[in-house]
Structures are given as C-alpha cells and as structure tokens.
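Engineer: Before I ask anything, let me first share the structure, which is written out below as structure tokens.
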DNA sequence: TTCAGCTTTTGTCCTTGACAAAAATAGATC
DNA sequence: GATCTATTTTTGTCAAGGACAAAAGCTGAA
C-alpha cells in the first residue's frame with residue numbers, strides 16, 4: 001500500500017516550491033507522479049528522488065544536467081559533497097570527510113540549529129544508519145563531551161546538539177519499528193546528572209543494533225522511571241550514572257530501581273560512576289558498563305544469548 | 313520610502329498561500345497591490361491589512377463578509393474578539409481533531425514515542441502550521457499541563473511530549489529558514505523553572521508567524537543566555553518565567569539579562585511570574601507578556617511596526 | 001428542534017505562457 | 001593565454017483564468 005502525497009505535501013516535505021516542482025516535471029520530467037482526476041500524487045520514491053535532486057543542486061550541479069540521471073547516480077553524486085566538477089571527482093568517498101564534521105562542529109559552536117539539522121538530513125541521505133551513528137553522531141558527541149569538560153562548550157551547546165540528535169533518533173526509531181525489534185530498552189538518567197550525552201549515545205547505539213528504544217531523557221527520579229517501566233514493560237532498564245562520587249540521593253534512586261523493577265527486567269548501569277552505586281544493589285540482572293564500548297559489547301552479547309534466530 | 317514586498321514574501325509574512333492571496337484579490341479585491349511589469353508589489357499597509365483579515369477569519373468570520381470592510385472596522389473586529397481568549401475559544405472546531413487528539417493523548421499516556429511522532433508528522437502534512445499549533449500542539453500542551461498539575465501526568469510524559477514537539481519544530485524551522493524571516497528571536501528559560509511547555513509553545517507560535525527562532529531550551533543560567541545572544545545577536549530575547557514567587561536567584565538572572573543584553577535587543581518576559589521579576593529590571597525594551605495570547609498579539613504588533621527590513 | 005438535500009463560498013490545483021536573474025558560452029581586446 | 005563584454009541558455013518564479021471539491025450556509029420536511 002504505497003503512501004502517496006499531494007503536491008503541497010511534497011513541497012513541505014522537500015522544501016521545493018510547487019511552482020518549481022511543476023516546472024521540473026514539465027521541462028525535464030524529473031519525476032512523473034501519478035495523476036488522479038485532479039492533482040498529482042507523489043510516491044515515497046518520488047519524494048526520495050526529489051530530495052536527492054535537491055542535494056545535488058546544493059552541491060553546485062544544475063537541474064538540467066542531473067534531472068534525468070538514474071537514482072543510483074544521484075546517490076553517488078550526493079556523496080561528493082564538494083562542488084568540484086563531476087569529472088574530477090577523485091574520492092570514492094567511502095567515509096565521511098573530516099570537513100563534514102568540522103562544518104557541523106562550527107554550526108554547534110555558533111548555535112546554528114538550522115545548519116545542524118540540514119547537515120544531518122543531508123548525511124542521512126547517503127549514509128546507512130550504522131554509518132551515521134558511528135561516523136557522525138558518536139564522534140560529535142565525544143567531541144562535545146570533551147569540549148564541555150574543557151569549558152569550551154556550554155550548556156546551550158549541549159542542549160542544542162542533544163535536541164538535534166534526538167531529532168535524528170526519531171527518524172531511526174521509525175525505521176527500526178518495522179522490523180519488530182530485538183528487545184525493548186528503556187533509557188534514562190536520574191536527577192543531578194550533568195550530561196545527557198552518554199545516555200543519548202547509548203540510545204543511538206541500541207537503536208543501531210536493532211533494539212526497540214524508549215528514550216526518556218535526563219533528569220528523571222526513580223519513581224518516574226518505575227512508572228514508565230510499568231507502562232512499557234521493557235526487557236532492560238538502562239540508567240546513566242556519570243558522576244563519580246554518587247550522592248546519597250542518587251544511591252537511593254538506584255536502590256529503589258533495583259528493588260522496584262520486576263525480576264524479569266534487567267538493570268544496566270552505565271558511566272564511570274556506575275560501579276560505586278551498583279554495590280549497594282544486591283539483585284540479579286544488574287550489570288555495570290563503564291563506557292560505551294562495554295555497552296555495545298553487552299548489547300551484542302545480549303542479542304546472541306537471548307535470540308536463537310537471526311535478525312535482519 | 314515605502315518598502316514593497318513581492319507576493320511570495322507576503323505569503324511568508326502572513327502565512328496566507330499565494331493562491332489564496334491571488335484569489336482574494338481576484339474575487340473580493342481584498343487588497344490591491346501595486347503592479348510592475350511583472351508581478352504584484354504589496355505595501356506595508358497591505359500586509360497589515362492582510363494580517364487583520366487573517367485574524368478576522370480566525371475569529372470565525374468569512375472572507376466574503378469582511379474582505380471589503382475598511383481597515384478601521386477590521387481593527388475593531390479583531391480587538392473585539394481577541395481579548396476573550398481567541399485561541400482557547402472552545403470552537404465548534406473540527407470533530408476529527410477530537411479523535412486525533414485522543415489518539416495522541418493515549419500515546420502520551422503510554423509513553424509511546426513512535427506513535428506520537430508518526431501522528432505529528434502525519435498531521436503536519438495536512439494541516440497548516442497555524443492549525444497545527446492552535447489545534448494540536450497547544451491543546452495537547454494545555455491538557456498535559458493540567459494533567460501534570462492534577463498528578464496524572466508525570467515528568468516522563470512532559471519530557472516525551474516536549475521532545476516530540478521539538479521534533480516538529482525542527483521541521484518548521486527548516487521551512488522557515490529560507491527567506492531570512494521577520495526577525496530573530498532567542499528563547500529560553502532560567503533554571504528552576506518547572507515546565508518547558510510555555511516557552512516551547514511560544515517558540516512554535518513565533519515560528520508560525522515567520523520569525524527566525526533559536527530555541528535554547530529550558531534551564532539555562534543567564535550567563536549562558538548572554539553568551540548565546542552574543543553569538544546569535546537576536547532582535548529579541550524571550551525568557552519564560554512561569555514561577556509565581558520568584559526566588560532571588562531567578563530575579564538575579566533576569567536582572568543580569570536586562571543589564572547584560574545590548575540596548576538594541578529587546579527582552580520579553582513571559583509567564584505568570586513575569587510581572588514580579590520585571591519590576592527590578594529598569595531598562596527600555598522590556599515587555600511583560602503574561603500568557604500566550606498576549607505573546608501572539610505582541611508578535612503581530614512587532615511585525616506591523618518593524619516591517620521594513622529587506623528580504624531575500 | 002433535527003436532518004437530508006441543495007446552493008454558495010472558498011481554498012487549492014491545473015495549464016500555458018511569460019519574464020528576469022543567473023549561468024554559460026562566445027567573441028573581442030589586451 | 002588571460003580578461004572583459006555581449007549574447008544565448010538555463011531556471012526559478014509569477015500571471016490569468018478555469019475548474020473542482022470540501023466546507024459552510026441555507027432550505028424545507030419530518
């Protein structure tokens with residue numbers, strides 16, 4: 001059941017004027033939407049193609065040249081982000097250029113949310129979700145984390161980047177939700193945690209490994225997390241605990257979770273402060289994962305032990 | 313020297329489609345812009361009149377009835393129906409929205425972010441930004457706000473809904489970013505504020521009115537906001553101050569902003585606690601806007617007085 | 001009153017033609 | 001060969017008027 005969009009919706013979706021959409025069709029037959037008695041109906045594939053065409057234009061090509069190219073070539077073209085002449089294209093562009101990241105970095109520093117979102121969606125056009133996570137999002141977040149520690153970034157930058165990444169996450173969630181999902185994870189941090197990056201990165205990684213993710217965000221008291229767990233009945237609750245010296249309040253929150261969650265639900269504690277608070281929580285199914293590498297390993301292990309069949 | 317706008321700029325400025333603008337002129341001669349060799353040129357007065365017509369429509373009048381009224385009567389008409397909570401007016405509205413909203417409400421209660429995002433983006437295709445804001449986002453937020461006070465909703469629900477609305481905003485930002493926008497707004501709340509809803513709604517409304525919006529999110533100390541303002545050099549800084557009894561800390565933050573911002577930057581304080589903290593801030597360009605209705609009015613006023621800049 | 005049917009209103013989409021700003025090309029001069 | 005100007009092509013945007021369907025308004029009957 002192919003979803004179809006009327007022209008105005010496509011204009012919204014792609015940011016291309018209705019005038020231009022019609023002109024492209026009339027002159028170059030860039031896309032040929034279905035027609036009903038009154039009006040055009042664009043398919044998902046049409047919209048994707050239009051987005052590709054748009055990025056090609058942004059790379060300096062002219063519509064007349066690229067309008068009739070097949071989709072595959074357009075995709076390739078989008079990879080070559082630089083407006084160099086198509087002939088001189090020397091890079092197979094298998095990986096993301098450093099300049100891409102520096103462009104994003106500058107946008108973050110300048111609090112320029114428009115550019116960040118634009119770049120993200122551009123990259124999402126030709127990177128697989130896996131690549132997107134590993135080559136763009138995680139490096140950026142690591143970088144941001146470091147800069148934060150060095151006092152270069154400020155809260156505003158963290159908020160902004162987090163918001164944009166969550167944006168992206170929304171897209172990934174939609175892709176993932178089709179294939180059933182390996183298992184359901186619920187992620188949050190208790191109050192008093194300074195950063196959202198860690199738990200957000202974890203959420204991205206889990207998504208990318210095919211898990212269903214409920215990302216509740218930072219700053220949630222244990223009572224709330226328990227209530228959410230009751231609603232969503234996840235297989236695992238992941239708690240980000242970054243602080244090294246846990247306050248009694250945080251300790252109590254962790255204990256509350258450990259004892260309040262049903263026995264069938266595992267509790268994973270992530271972050272450098274995780275080991276400290278885990279000691280108090282005597283309970284099976286509690287795991288300490290000090291960094292994202294351990295977290296990812298654990299995800300893989302979980303998959304292999306809890307799944308017999310292969311997944312997509 | 314009368315600045316004049318081409319039709320597309322007017323469409324962006326007023327939120328009225330180019331088709332509709334032409335139809336109104338053709339059928340009712342609602343406004344008669346100047347003509348040059350090619351295309352219409354609307355004056356500031358024309359734009360103001362169109363804005364008045366639009367508010368008249370939003371008050372339930374039909375275009376055929378009001379199109380030929382003189383400006384003064386339109387103004388009267390808008391004033392007459394505005395003070396009685398124009399947006400919140402329990403309209404006959406659409407019955408469809410009720411089922412839509414209840415579906416969304418269930419999704420929020422169940423913390424089902426996938427469904428929320430899907431519904432939002434689906435609605436965004438068929439509703440104009442105006443409708444989206446007034447008929448979906450604001451009612452939901454109001455509902456959520458109430459339920460929060462009654463203890464039905466919890467922090468998790470607020471976080472989730474805020475995140476999804478921000479997602480939506482991201483989409484609007486991209487659409488709006490094209491033609492420079494009317495003016496640049498920077499929105500945030502100081503620390504200790506409980507809710508993000510108010511300032512988030514304000515951001516949506518501003519976007520919908522064609523302003524460029526930098527949404528920094530909740531919980532930002534004045535120092536950060538000042539730093540961000542230095543980076544983005546906005547025309548207006550909007551600060552959400554919901555709490556009724558301002559703590560000294562909040563008061564100090566507001567004072568810091570009032571004195572730290574350049575003279576050319578206005579400071580708008582929104583929320584029920586705004587009046588309290590504004591007293592201390594002796595400075596021109598400080599405005600107190602107690603609710604979203606006032607905020608929207610102020611936006612419209614700002615547009616009609618400051619409309620003179622060039623556009624792309 | 002309420003409700004089914006009819007009429008008017010009104011927003012949106014269509015097509016074709018046109019124009020101007022920008023880009024590309026060609027030609028001329030140093 | 002390089003630089004500059006003039007001409008052609010490309011391409012986004014606007015216009016006019018016709019058309020249609022969903023919504024709103026209106027009618028008369030139950």
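Protein chains in written order, with this note's numbering: chain A, 1 to 312; chain B, 313 to 624. Glycine included, every Cβ here is placed at the ideal spot set by N, Cα and C.
In the DSSP output, what is residue 71/A paired with across the bridge?
Structural biologist: For residue 71/A, which the question treats as bridged, DSSP gives no partner whatsoever.
Engineer: Closer than 8 Å between beta carbons: that is the criterion. Which residues of the region 458 to 474 of chain B meet it against chain A?
Structural biologist: 466, 467, 468, 471 and 472
Engineer: When you compare the region 191 to 199 of chain A with the region 111 to 128 of chain A, are there three or more beta-carbon pairs, one atom per stretch, that lie closer than 8 Å?
Structural biologist: Touching, no, given that fewer than three Cβ pairs across the two stretches are closer than 8 Å.
Engineer: Per the contact definition of three or more C-beta pairs closer than 8 Å, is the region 375 to 387 of chain B in contact with the region 336 to 345 of chain B?
Structural biologist: Yes, the region 336 to 345 of chain B touches the region 375 to 387 of chain B.
Engineer: Roughly how many whole angstroms lie between the Cα atoms of residue 435/B and residue 298/A?
Structural biologist: 39 Å
Engineer: Assuming residue 314/A is part of the beta strand (DSSP E), what are its boundary residues?
Structural biologist: Nothing can be reported for residue 314/A: it is not among the residues displayed for chain A, which extend from 1 to 312.
Engineer: How far does the beta strand (DSSP E) with residue 524/B in it extend, from its first residue to its last?
Structural biologist: 524 to 527
Engineer: Consult DSSP for residue 261/A and reduce its assignment to one of helix, strand or coil.
Structural biologist: coil
Engineer: With contact counted as at least three CB pairs below 8 Å, one residue from each stretch, are the region 157 to 170 of chain A and the region 111 to 118 of chain A in contact?
Structural biologist: yes
Engineer: Which value, in whole angstroms, describes the spacing of the CA atoms of residue 468/B and residue 239/A?
Structural biologist: 14 Å
Engineer: Can you list the residues of chain A that residue 539/B reaches, using a CB-CB cut of under 8 Å?
Structural biologist: 154 and 156
Engineer: If contacts are defined as beta-carbon pairs under 8 Å, then residue 582/B and residue 514/B qualify, I think. What distance do you get, rounded to the angstrom?
Structural biologist: 6 Å
Engineer: Measure from the C-beta of residue 526/B to each C-beta in chain A and report whether the shortest distance is under 8 Å.
Structural biologist: yes
Engineer: Select from the region 416 to 428 of chain B all residues with a C-beta closer than 9 Å to any C-beta belonging to chain A, and list them in chain order.
Structural biologist: Listed in sequence order: 421, 422, 423, 424, 425 and 426.
Engineer: Hey, residue 519/B and residue 481/B: beta-carbon distance below 8 Å or not?
Structural biologist: yes
Engineer: When Cβ atoms are compared, which residues of the region 12 to 28 of chain A fall closer than 8 Å to chain B?
Structural biologist: Taking 8 Å as the Cβ-Cβ cut-off, the region 12 to 28 of chain A approaches chain B at 12, 13 and 15, given in chain order.
Engineer: Taking residue 198/A as the reference, give the member of 172/A, 228/A, 146/A and 233/A with the closest Cα.
Structural biologist: 146/A
Engineer: Closest to residue 72/A by C-alpha separation, out of 59/A, 48/A and 62/A, would be which residue?
Structural biologist: 48/A
Engineer: Could you tell me if residue 14/A is buried or exposed, where buried requires 16 or more neighbouring beta carbons within 10 angstroms of its beta carbon?
Structural biologist: buried
Engineer: Can you give, in chain order, each stretch of the beta strand (DSSP E) that sits fully within the region 490 to 523 of chain B and has at least 3 residues?
Structural biologist: 496 to 500
Engineer: Find out if the Cβ-Cβ distance for the pair residue 365/B, residue 387/B is shorter than 8 Å.
Structural biologist: no
Engineer: For a test of your reading of the model: does the CB of residue 284/A fall under 7 Å from any non-hydrogen atom of the ligand MG? Yes or no.
Structural biologist: Only the bare structure without any ligand can be found here, which leaves the ligand MG out of the picture.
Engineer: What in chain A is Cβ-close to residue 479/B, meaning under 8 Å?
Structural biologist: Neighbours of residue 479/B on chain A, chain order: 166, 167 and 170.
Engineer: Residues in the same chain with beta-carbon distance under 6 Å from residue 332/B, minus the five sequence neighbours each way, listed in chain order, please.
Structural biologist: none
Engineer: Look at the alpha carbon of residue 153/A and the alpha carbon of residue 241/A, and state the distance between them as a whole number of angstroms.
Structural biologist: 21 Å
Engineer: At a CB-CB cut-off below 7 Å, which residues of chain B make contact with residue 232/A?
Structural biologist: 423
Engineer: Is there a Cβ from chain A that is less than 8 Å from the Cβ of residue 529/B?
Structural biologist: yes
Engineer: Along the beta strand (DSSP E) that carries residue 240/A, what are the first and last residues, could you check?
Structural biologist: Under the DSSP assignment, residue 240/A falls in the beta strand (DSSP E) whose first and last residues are 236 to 240.
Engineer: For residue 613/B, does the count of other Cβ atoms within 10 angstroms reach 16, so buried, or fall short, so exposed?
Structural biologist: exposed
Engineer: Identify the contact partners of residue 123/A in chain B, using a Cβ-Cβ distance below 8 Å as the criterion.
Structural biologist: In chain B, no part has a C-beta under 8 Å from the C-beta of residue 123/A; the shortest such distance is about 15 Å.
Engineer: Anyone know if the C-beta pair for residue 200/A and residue 141/A falls short of 8 Å?
Structural biologist: yes
Engineer: Within the 8 Å Cβ cut-off, does residue 312/A reach chain B?
Structural biologist: Confidence at residue 312/A is low in this model, with a pLDDT of 35, below 50, so its placement is unreliable and the value that follows should be read with caution. Residue 312/A does not count as touching chain B.
Engineer: Using the rule of at least 16 other Cβ atoms within 10 Å of the residue's Cβ for burial, across every protein chain shown, is residue 117/A buried or exposed?
Structural biologist: buried
Engineer: Run down chain A in chain order and give the residues with a C-beta less than 7 Å from the C-beta of residue 532/B.
Structural biologist: Ordered by position in chain A, the residues that pass the 7 Å Cβ test against residue 532/B are 155 and 156.
Engineer: Would residue 173/A count as contacting chain B if we go by Cβ distances under 8 Å?
Structural biologist: yes
Engineer: Please compile the residues from chain A whose C-beta is within a distance smaller than 8 Å of the C-beta of residue 431/B.
Structural biologist: Correct list: empty, because the minimum Cβ distance to chain A is about 12 Å.
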